Amino acid sequence: MRKPCCEKTEITKGAWSKQEDQKLVDYIQKHGEGCWNSLPKAAGLRRCGKSCRLRWINYLRPDLKRGSFGEDEEDLIIRLHALLGNRWSLIAGRLPGRTDNEVKNYWNSHIRKKLVKMGTTTTTSTALDPKKPSHHRDNKVPLLMQPDARNPILFRPPATTLDQKRAPNHDDEVDVSDSMSINGGNQLQTGVIMSNKSCCLPDLNLDLTLSLQLAVGETQQSDI
DNA sequence: AATCAAACCAACCGCACTATG
DNA sequence: CCATAGTGCGGTTGGTTTGAT
């Protein structure tokens, strides 16, 4: 059995105070992100490193947008979710200033209900097989989205600093306004960071009601 | 005004992946 | 190769807020 990430004793849990936030922000501004395990001690916080990381990523990061989601963002989330399933970090990576937690919460509290009401989806929180434990990752990625050069969208890591660190192969990323065709004509300027590789590939058609089925068909055929 | 239910969202938990020794 | 630490991700929980009665 794996050891817990931190000792249960002397660890504060629950809501963060302003003082704690300030300590965390000050520390990260001075020393940068990373080394989350040693950060709490160094920053004078009685928190688990994971908790610090989460607080920073989901709440304190200066580039966060906060506030309610726009229609464009909602539309994009719906389309990306149809493509990616519950890969919230990937989805959030295409929504500048949004976090995976925020997107996930928004999906579960707003969009999912909306779609169910419209009869568009019967999605549960575990997108693919609700019976199987959710942490079985091999079950999370739809067949369509198994790593595959035909799906350039998958090869772009989330646009967070940490993920960029983790994916040195993507340091050739350039800022390109990624335009997607929404609702058969409206151009949605997402302004996300795309890799050179993916921007050279054909425009993504995220009109999922049609292309997803087609793509699934293609994938299944090619897998045979 | 009080109570209850629903909605929302921050935070936690546990697993998987990756790097390192 | 194996064990372990560090980190990231997705699902879930629980406290708070809002709305309905």
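Per the UniProt record's numbering, residue 1 is the first one in the first sequence, and the count goes up by one each step.
Just so you know, even glycine gets a beta-carbon here, dropped at the ideal spot from N, CA and C.
If you're wondering where the values come from, they're calculated on a predicted model, not measured in any experiment.
- For the 8 angstroms CB-CB criterion, N58 and N86 do not form a contact.
- For D26, the enclosing alpha helix (DSSP H) has its first and last residue at 18–31.
- Scanning R79, N105, R55 for the CA closest to the CA of Q22 turns up R55.
- Taken through DSSP and simplified to helix, strand or coil, I77 comes out as helix.
- R112 counts as buried, since no fewer than 16 other beta carbons sit within 10 angstroms of its beta carbon.
- The three-state reading of DSSP puts N108 in helix, counting H, G and I together.
- The DSSP-derived three-state label of C35 is coil.
- If you draw a straight line from the Cα of E74 to the Cα of D63, it is about 19 angstroms long.
- Nearest Cα to K104 within the set P96, S89, V116, R94: S89.
- The residue from G93, Q29, P40 with its alpha-carbon nearest to that of K13 is P40.
- Ranked by Cα distance from I11, the options A43, R47, A42 are led by R47.
- In this structure, the beta-carbon distance from Y27 to A43 falls below 8 angstroms.
- Taken atom to atom, the span from the alpha-carbon of L115 to that of R79 is near 12 angstroms.
- Judged by DSSP secondary structure, I11 falls outside any alpha helix (DSSP H); it is assigned neither H nor E.
- Note that the C-beta distance between L24 and C52 is below 8 angstroms.
- Around the Cβ of E71, a 10 Å sphere holds fewer than 16 other Cβ atoms; the residue is exposed.
- Taking the CA atoms as reference points, T99 sits about 5 angstroms from A92.
- The shortest C-alpha to C-alpha distance from K65 to any of G97, Q19, M118 is the one to G97.
- Distance from the CA atom of W36 to the CA atom of M118, rounded to whole angstroms, is 43 angstroms.
- For P62, the secondary structure class from DSSP, reduced to helix, strand or coil, is coil.
- For I77, the CB contacts under 8 angstroms within the same chain, skipping 5 residues up- and downstream, are F69, I91, L95, V103, Y106, W107, I111 in chain order.
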